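Peer 1: Numbering (full-length UniProt numbering), first residue to last: 1 to 100.
I'd like to ask some things about the structure below.
The following block contains the structure:
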């Protein structure tokens, strides 16, 4: 899902409803950090309807959130390739292939 602007609670919930829920299998557990835009109660409700659970990581625990190192590397890599909005998807495709 691609959107313009900043990530907020509405974007997170839309991503969960449109992208994540269709892929979940009842009984699965989603682990999320404590980003301020993660509306905890709404996320719990959405996942419960799918028969799943969410666990939120403790605040200030980057050691438990290893994906953050990858996102930082990906952002730096993509920033070097992108000159406009149209090139973003192509740059992400290249970056994910190179960094995976």
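Note that the Cβ used here is the ideal one computed from N, Cα and C, for glycine as well.
As the structure is a computational prediction, the values presented were derived from the model and not from experiment.
Which whole-angstrom value describes the C-beta separation of residue 55 and residue 16, a residue pair presumed to lie in contact below a C-beta threshold of 8 Å?
Peer 2: About 15 Å separates the two Cβ atoms, so there is no contact after all.
Peer 1: Report the residue from 22, 57 and 42 whose alpha carbon sits nearest the alpha carbon of residue 33.
Peer 2: Comparing Cα-Cα distances from residue 33 to each of 22, 57 and 42, the minimum goes to 57.
Peer 1: Please report how far the alpha carbon of residue 27 lies from the alpha carbon of residue 49, in whole angstroms.
Peer 2: Straight-line Cα distance between these residues: approximately 11 Å.
Peer 1: In the DSSP assignment, find the alpha helix (DSSP H) that holds residue 70 and state where it starts and stops.
Peer 2: Where residue 70 is concerned, the enclosing alpha helix (DSSP H) stretches over 67–81.
Peer 1: Could you check which residue in 83, 91 and 66 has the C-alpha nearest to that of residue 31?
Peer 2: When each option's Cα is compared against that of residue 31, the closest is 66.
Peer 1: What are the boundary residues of the alpha helix (DSSP H) that residue 46 is part of?
Peer 2: Here the alpha helix (DSSP H) through residue 46 covers 40–49.
Peer 1: Which one or two residues does DSSP pair with residue 56 in a beta bridge?
Peer 2: DSSP, once it has assigned bridges, lists 32 as partnering residue 56.
Peer 1: The alpha helix (DSSP H) spanning residue 7 covers which residue range?
Peer 2: Per DSSP, residue 7 belongs to no alpha helix (DSSP H) and is neither H nor E.
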